[in-house]
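Chemist: With the first letter of the sequence shown counted as 1, position 317 gets the number 320 in the numbering used here; the numbers rise by one all the way through.
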Amino acid sequence: MSTQLKVRDLRTTFGSGERDVRAVRGVDFDLAPGGTFVLLGESGSGKSVTARSILRLYDASATIAGSVLLGDDELTAMPERSMRAVRGARIAMVPQDPTGALDPLRSIGAQIIEVLRAHGLVQDRRTARARAVDLLERVGIADPARVIGARPHQLSGGMRQRAVIAISIACRPEVLIADEPTTALDVTVQAAVIELFTELQRDLGMSLLMVTHDVGVAEELGGQVGVMYAGRLLETGPVGDVLADPKHPYTQGLLASLPVPGVERGKLPAIPGRPPLTGEVSDGCAFAARCPLAQDSCGSAVPVLVDVATGRQAACPVVNPSERLSA
Ligand SMILES: Nc1ncnc2c1ncn2[C@@H]1O[C@H](COP(=O)(O)OP(=O)(O)OP(=O)(O)O)[C@@H](O)[C@H]1O
Ligand code: SF4
Ligand SMILES: [Mg+2]
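#1: Any idea which residues DSSP pairs S303 with across the strands?
#2: What are the start and end residues of each continuous beta strand (DSSP E) run of 3 or more residues lying completely inside the stretch 35-116, in chain order?
#3: Do you know how far the Cα of L60 is from the Cα of I180?
#4: Tell me which residues share the same chain as G18 and place their Cβ nearer than 8 Å to its Cβ, disregarding the 5 neighbours each side in the sequence.
#5: What do you reckon, is the C-beta of V214 under 8 Å from a heavy atom of ligand 3?
#6: Between the C-alpha atoms of D182 and A88, what's the straight-line distance to the nearest angstrom?
#7: Residue range of the alpha helix (DSSP H) that F200 falls in?
#8: Can you tell me whether G112 is buried or exposed? The criterion is at least 16 other CB atoms within 10 Å of its CB, across all chains shown.
#9: Using the DSSP secondary-structure output, state which residues sit across from Q126 in a beta bridge.
#10: With DSSP run on the structure shown, which of helix, strand or coil describes Q298?
#11: Considering only their Cβ atoms, is the gap separating A312 from G240 smaller than 9 Å?
#12: Based on the DSSP secondary-structure assignment, which residues constitute the bridge partners of E177?
#13: Going by DSSP in three states, Q164 sits in which element: helix, strand or coil?
#14: At what residues does the alpha helix (DSSP H) containing R277 begin and finish?
#15: G269 to L258, Cα distance in whole Å?
#16: Please say whether A173 and L97 have beta carbons closer to each other than 9 Å?
#17: Spatial neighbours of R14 within its chain, please: C-beta separation below 7 Å, excluding the five flanking residues on both sides.
#18: Can you list, in chain order, the residues of its chain whose CB lies under 7 Å from that of S56, leaving out five sequence neighbours each side?
#19: Classify V266: buried if its beta carbon has 16 or more other beta carbons within 10 angstroms, exposed otherwise.
#20: Do S285 and F40 have their CB atoms nearer than 9 Å?
#21: Buried or exposed: P82, going by 16 or more other Cβ atoms within 10 Å of its Cβ?
#22: Under 8 Å, with one C-beta from each stretch per pair, do the stretch 216-223 and the stretch 144-159 reach the 3-pair mark?
#23: Going by other Cβ atoms of all chains shown within 10 Å of its Cβ, with 16 needed for buried, is A95 buried or exposed?
#24: Report all residues from its chain with a CB closer than 8 Å to the CB of A187; omit the five preceding and five following residues, and keep chain order.
#25: Would you say F17 touches ligand 1, meaning its beta carbon is less than 8 Å from a heavy atom?
#26: Are there 16 or more other CB atoms within 10 angstroms of the CB of Q114, so buried, or fewer, so exposed?
#27: So, under 8 Å CB-CB, A148 and V167 are touching, yes? Tell me the CB distance rounded to an integer number of Å.
#28: Let me check you understand the geometry: is the CB of S51 closer than 8 Å to at least one non-hydrogen atom of ligand 3?
#29: Closer than 8 Å by C-beta to L328: which residues in its own chain qualify, once you throw out the five before and the five after it? Chain order, please.
#30: Find out if the Cβ-Cβ distance for the pair G287, V309 is shorter than 9 Å.
#31: From G234 to A131, what does the alpha carbon distance come to, in whole angstroms?
#32: Sort A195, D146 and H122 by Cα distance to R175 and report the nearest one.
#33: Are any of the Cβ atoms in chain C nearer than 9 Å to that of Q7?
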């Protein structure tokens, strides 16, 4: 299978010296052309830092190491000037909060046209306007002629996020990264926006990297999933398989603590404790303090992802003892 985006041993550290924050501590995954990879994890696990590190959206306080291949291009080694041509054009990002992503003073149409112009995709006003209308239609906005002239505050949250998505697909990116794109929205429109991603992906052939803490979103999208904890992936595989039969104790705990239809909320066991803060991560398995299966050996080395079933990997030598030696 060819790969659109190949991330290897991605490590992002903020600050320097003793107070380093190792937010991402070695992440590997592949995103297939037209495929989906869902980065699933609790708050603070390093999902956004992973997404932003791919696009190198940090200043010099962050050190980003490892490899990010977009097709044949190594992004971690690319000069900043070339990276600017990648951002928004080859890889676009949909942020969590649409309000912050839009200029409150300018019309939606002007903001779409600005992106099209910046990347040299339109010359004259009429074509630019027609393209903007087309993009708004594509993201499910029923009355694009009105919305094109509207300011962001004149739109509902769901419409604003659709407008942001229209901007993000304006240059037909190869990869779309969406960082919790529905958490700021009303629950009633969340499902429709997730469905929009699926439609766009199918119609435009884009690869989608979806960042979410919501297992329901992962289930809805399908594709591959990586379960993130304290800056590392603890389990990867096809979404359906991982949710149906989680192999890693953390994934098992995470899913067991979710409400299941027909089971009263609060009757399910939650994982005791909380994830470690980035400054607290020490040698060994980061989940050890909360893991019901933890053994003395779990504190001595960081478990690596190993094959546990066809197309599936997990990073726990205790539940996968046969793989221990091959790690
Ligand atoms: N610019 C930064 N400087 C220093 N530390 C940071 C920075 N950005 C994130 N961190 C730290 O890195 C860790 C991972 O943060 P990240 O934002 O990736 O979490 P997340 O998984 O996206 O969580 P959430 O679901 O809350 O968005 C956190 O401990 C956070 O405090
Ligand atoms: S390595 Fe040990 S602490 Fe970590 S998940 Fe496996 S059993 Fe639990
Ligand atoms: Mg985040």
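Beta carbons: idealized from backbone N, C-alpha and C, even for Gly.
Fair warning: this is a prediction, and the values are worked out from it, not measured in the lab.
Modeler: Reading off the structure:
#1: Taking the sequence shown and counting its residues from 1, one reaches residue 303 at position 300. In DSSP, S303 forms no bridge with anything.
#2: 39-44, 65-73 and 94-97
#3: To locate residue 180, count along the sequence shown from 1; it is residue 177. To locate residue 60, count along the sequence shown from 1; it is residue 57. Their backbone Cα atoms lie some 13 Å apart in a straight line.
#4: In the sequence shown, counting from the first residue as 1, residue 18 sits at position 15. Answer for G18: V24 and S64, listed in chain order.
#5: Here residue 214 is taken as the residue at index 211 of the sequence shown, counted from 1. Yes.
#6: On the sequence shown, residue 182 is found 179 positions in, with the first residue counted as 1. On the sequence shown, residue 88 is found 85 positions in, with the first residue counted as 1. C-alpha separation (whole angstroms): 21 Å.
#7: In the sequence shown, the residue the question calls residue 200 occupies position 197. First-last of the alpha helix (DSSP H) with F200: V190 to L207.
#8: Your numbering for residue 112 matches position 109 in the sequence shown. It is buried - the Cβ of G112 has at least 16 other Cβ atoms within 10 Å.
#9: Residue numbering aside, residue 126 sits at position 123 when the sequence shown is read from its first letter. DSSP lists no partner for Q126.
#10: Along the sequence shown, one-based indexing puts residue 298 at 295. In this structure, Q298 counts as coil in the three-state DSSP scheme.
#11: As a position in the sequence shown, residue 240 is number 237, starting the count at 1. As a position in the sequence shown, residue 312 is number 309, starting the count at 1. Contact flag set, yes.
#12: Translated into the one-based positions of the sequence shown, residue 177 becomes position 174. According to DSSP, which records beta bridges pairwise, E177 is partnered with nothing at all.
#13: Stepping through the sequence shown from its first residue, residue 164 is reached at position 161. It is helical.
#14: By one-based count along the sequence shown, residue 277 stands at place 274. Looking at the DSSP string, R277 is not in any alpha helix (DSSP H), and its letter there is neither H nor E.
#15: The residue you call residue 269 lines up with position 266 of the sequence shown. The residue you call residue 258 lines up with position 255 of the sequence shown. Low confidence applies to G269: its pLDDT is 46, below 50, so where it sits in the model is not reliable, and the reading given next is rough at best. Rounded to the nearest angstrom, the two C-alpha atoms are 13 Å apart.
#16: On the sequence shown, residue 97 is found 94 positions in, with the first residue counted as 1. On the sequence shown, residue 173 is found 170 positions in, with the first residue counted as 1. Per the sequence presented here, residue 97 reads as Val, with Leu not at that position. No.
#17: Taking the sequence shown and counting its residues from 1, the one referred to as residue 14 is at position 11. For R14, where only same-chain residues beyond five positions count, the Cβ hits under 7 Å are V27, R28, G29, A68 and G69.
#18: Here residue 56 refers to the residue found at position 53 when the sequence shown is read from its first residue. Same-chain partners within the cutoff: L13, T15, V27 and I67.
#19: Start at 1 with the first residue of the sequence shown, and residue 266 comes out as number 263. Per-residue confidence for V266 stands at a pLDDT of 47, beneath the threshold of 50, marking its modelled position as unreliable; the derived number appears in the next sentence. Exposed, by the Cβ-count rule.
#20: Along the sequence shown, one-based indexing puts residue 285 at 282. Along the sequence shown, one-based indexing puts residue 40 at 37. No.
#21: For the purposes of this step, residue 82 is taken as residue 79 along the sequence shown, with counting starting at 1. P82 should be labelled exposed.
#22: no
#23: Along the sequence shown, one-based indexing puts residue 95 at 92. Classification of A95: buried, given that the 10 Å Cβ count is 16 or more.
#24: Mapped onto the sequence shown, residue 187 falls at position 184. Counting only Cβ-Cβ distances below 8 Å, and skipping sequence neighbours, we find Q99, D100, P101, T102, G160 and Q164.
#25: Counting from 1 along the sequence shown, the entry for residue 17 is found at position 14. Yes.
#26: Within the sequence shown, residue 114 is the residue found at index 111, counting from 1. The residue in question, Q114, is buried, as its Cβ has 16 or more Cβ neighbours within 10 Å.
#27: Position 145 of the sequence shown, counted from the start, is the residue given in the question as residue 148. Position 164 of the sequence shown, counted from the start, is the residue given in the question as residue 167. Not really, about 19 Å apart at Cβ, beyond 8 Å.
#28: In the sequence shown, counting from the first residue as 1, residue 51 sits at position 48. S51 Cβ: within cutoff of ligand 3.
#29: Reading the sequence shown from its first residue, position 325 is the one you call residue 328. Its pLDDT being 43, under 50, L328 is placed unreliably in this model, and the value from its coordinates should be taken loosely. Nothing listed; no residue qualifies.
#30: The residue labelled residue 287 in the question sits at position 284 within the sequence shown. The residue labelled residue 309 in the question sits at position 306 within the sequence shown. The answer is no: Cβ separation not under 9 Å.
#31: Here residue 234 is taken as the residue at index 231 of the sequence shown, counted from 1. Here residue 131 is taken as the residue at index 128 of the sequence shown, counted from 1. Cα to Cα, G234 sits roughly 42 Å from A131.
#32: Within the sequence shown, residue 175 is the residue found at index 172, counting from 1. Taking only the C-alpha atoms, the option nearest R175 is H122.
#33: Although the question refers to chain C, the structure presented lacks it and comprises just one protein chain.
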